[in-house]
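With this note's numbering applied, the sequence shown corresponds to residues -2 to 360, in that order.
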Amino acid sequence: MEQGSAIEQGNPSLTGICPVVGIWLRTQGTVCQTPGTGCDPPGTERHSVGMRVELVGTARKEVDTVAAKTGPTIRRMQLGQELRRLREQADGGGELGRGITRGQAVKGTSVSESTLHRVERGLTSLPRVQDLKSLLKRYGVSDPGDIEFLLDIHKNSLNRGWWSPYRLFMPSGFNLSVGLEGDAKILRIYQPDVMFGLFQTASYARAQFESAKPVDERNTEFVERNIEIRMRRKEAITRSERPVEIHAILDEAVLRRVYGGPEVMREQYEHLAELAVLDNVTVQILPMSQPVYRSGQNFILMEFEPPLPTVVSVDGFSAVNVTDKDTEIWAYKRRFDAMRADAGGPRATHDFLKRAERELEQS
-2 MEQGSAIEQG
8 NPSLTGICPV
18 VGIWLRTQGT
28 VCQTPGTGCD
38 PPGTERHSVG
48 MRVELVGTAR
58 KEVDTVAAKT
68 GPTIRRMQLG
78 QELRRLREQA
88 DGGGELGRGI
98 TRGQAVKGTS
108 VSESTLHRVE
118 RGLTSLPRVQ
128 DLKSLLKRYG
138 VSDPGDIEFL
148 LDIHKNSLNR
158 GWWSPYRLFM
168 PSGFNLSVGL
178 EGDAKILRIY
188 QPDVMFGLFQ
198 TASYARAQFE
208 SAKPVDERNT
218 EFVERNIEIR
228 MRRKEAITRS
238 ERPVEIHAIL
248 DEAVLRRVYG
258 GPEVMREQYE
268 HLAELAVLDN
278 VTVQILPMSQ
288 PVYRSGQNFI
298 LMEFEPPLPT
308 VVSVDGFSAV
318 NVTDKDTEIW
328 AYKRRFDAMR
338 ADAGGPRATH
348 DFLKRAEREL
358 EQS
């Protein structure tokens, strides 16, 4: 069934996909108003958290299945997005009657303004259920279904991701990037100097980390734990259900810089060639002879199922910054599109890797 077709006609017995909460729903007499989507727009009176709908039959099973596959990072992101929307739609008692500040929201609760800011950004979750209930009461949320919906998201947001035991070995912000990466639908990446982490072999990763030891003073345990992280992250490419789609642009320098010697690089070339032929992977190479615009730093644009926004993860010297600001997303999308237009096509990638292997044999 196409999105919105039955629901837009006001048929309360049929289901459709709500693009705002991204789940299968059955209406309860509410006719959706947004053309082509099948639901009321966020922020309208009839678009409550629970959408005033009922999860039914096989639809309920599908929702439960999708929820089970969603990691805690995405749940925190969902919760933060909804709490921000509710705060901005809350009755502030002013002339417009809409919207309150974070300071007003946390007044009389045990939640600090800075904590709420981090929660709304999806960086952390509220530590106590009572904190969430206090905010929902302040926002005027009284429908039992709405409250249960958000409490369930909150519960799942408190779960530990597989990467939690490795947090001591991660730079600041990297755990958030890893958590989002695993639940992304599409990754658009640019790498100017080293191989993209999800494409690396264990030997290449070890050689890269070993080369940084004298500067970063990293010990062997740090190196081995980070190799484990990278190998675990790679599973997103070849998993049987919902493998992530990757469109990667690699600067030629990535493949020219030798880590670990010829054997390590040959193995890396072969591995990249195997990944590049997968249906969900596209690899383009920016030749050094091509005078094209370059980003200057590696980044990952992560796209998710609606209603979650696109985010960008950018590596810094000692930290990883993740943001969903519209201006940042727009800027990095433009950079990606500019480089994609000037990079060689997928066939050129295959030819380049074969040529690089031959050059290794001759060196």
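Where a beta carbon is used, it is the ideal one built from N, C-alpha and C, also for glycine.
Since we're looking at a predicted model, the values are computed, not measured.
Nearest-angstrom Cα separation, counted from residue j out to residue i
i, j, result
"A204", "V280", "23 Å"
"M74", "L357", "45 Å"
"K210", "T217", "9 Å"
"D339", "D213", "35 Å"
"E238", "I326", "27 Å"
"Q86", "R236", "40 Å"
"R254", "D248", "11 Å"
"G341", "P284", "8 Å"
"Q359", "E264", "16 Å"
"A316", "L173", "11 Å"
"I71", "D180", "7 Å"
"G258", "E207", "13 Å"
"S131", "S154", "18 Å"
First and last residue of the uninterrupted beta strand (DSSP E) at residue i
i, result
"L120", "Note, L120: premise wrong, no beta strand (DSSP E); not H, not E."
"M299", "F296 to E300"
"E242", "E242 to D248"
"V280", "V278 to L283"
Terminal residues of the alpha helix (DSSP H) in which residue i lies
i, result
"S315", "It is not in any alpha helix (DSSP H) - S315 carries neither H nor E in the DSSP assignment."
"Y266", "P259 to A273"
"Q188", "No alpha helix (DSSP H) holds Q188; the beta strand (DSSP E) holding it covers I183 to Q188."
"Q75", "P69 to Q86"
"P141", "P141 to S154"
"T346", "P343 to Q359"
"V126", "V126 to R135"
"Y329", "D323 to D339"
"Q101", "R99 to V103"
"E178", "F171 to D180"
"T235", "E232 to T235"
Buried versus exposed, by CB contacts within 10 Å (16 or more), residue i
i, result
"S310", "buried"
"N295", "buried"
"N223", "buried"
"L165", "exposed"
"G100", "exposed"
"F301", "buried"
"T324", "exposed"
"R331", "exposed"
"G313", "exposed"
Proximity test, Cβ basis, 7 Å: residue i and chain C
i, result
"L129", "Within the model displayed, chain C is absent; a lone protein chain is all it includes."
Contacts around residue i, its chain only, beta-carbon distance under 6 Å, and the 5 residues preceding and following it disregarded
i, result
"T41", "Caution applies to T41, whose pLDDT of 41 falls short of 50 and renders its modelled position unreliable; the value that the coordinates give is listed next. Once the five neighbours on either side are set aside, T41 has no close Cβ partner at all."
"Y266", "L350, A353 and E354"
"H268", "T198"
"R185", "H244, L298 and F333"
"Y256", "Y201, A204 and Q205"
8 Å contact criterion, which residue i and residue j should meet: CB distance rounded
i, j, result
"M192", "V251", "6 Å"
"L80", "E117", "6 Å"
"N318", "G170", "6 Å"
"A245", "R227", "The pair is not a contact, with the Cβ atoms about 15 Å apart (cut-off 8 Å)."
"G158", "G77", "About 16 Å separates the two Cβ atoms, so there is no contact after all."
"I97", "R82", "About 12 Å; that fails the 8 Å criterion."
"P343", "A273", "7 Å"
Residues near residue i by beta carbon distance below 8 Å, same chain, minus five either side
i, result
"T121", "R73, T112 and R115"
"R89", "A small fix is needed here, since residue 89 is Gly in this sequence, not Arg. Contacts found: R95, G96, I97 and Q101."
"D128", "T106, S107 and V108"
Same chain only: Cβ atoms within 7 Å of residue i, ignoring 5 sequence neighbours per side
i, result
"T320", "V308 and V309"
"G137", "A87 and D88"
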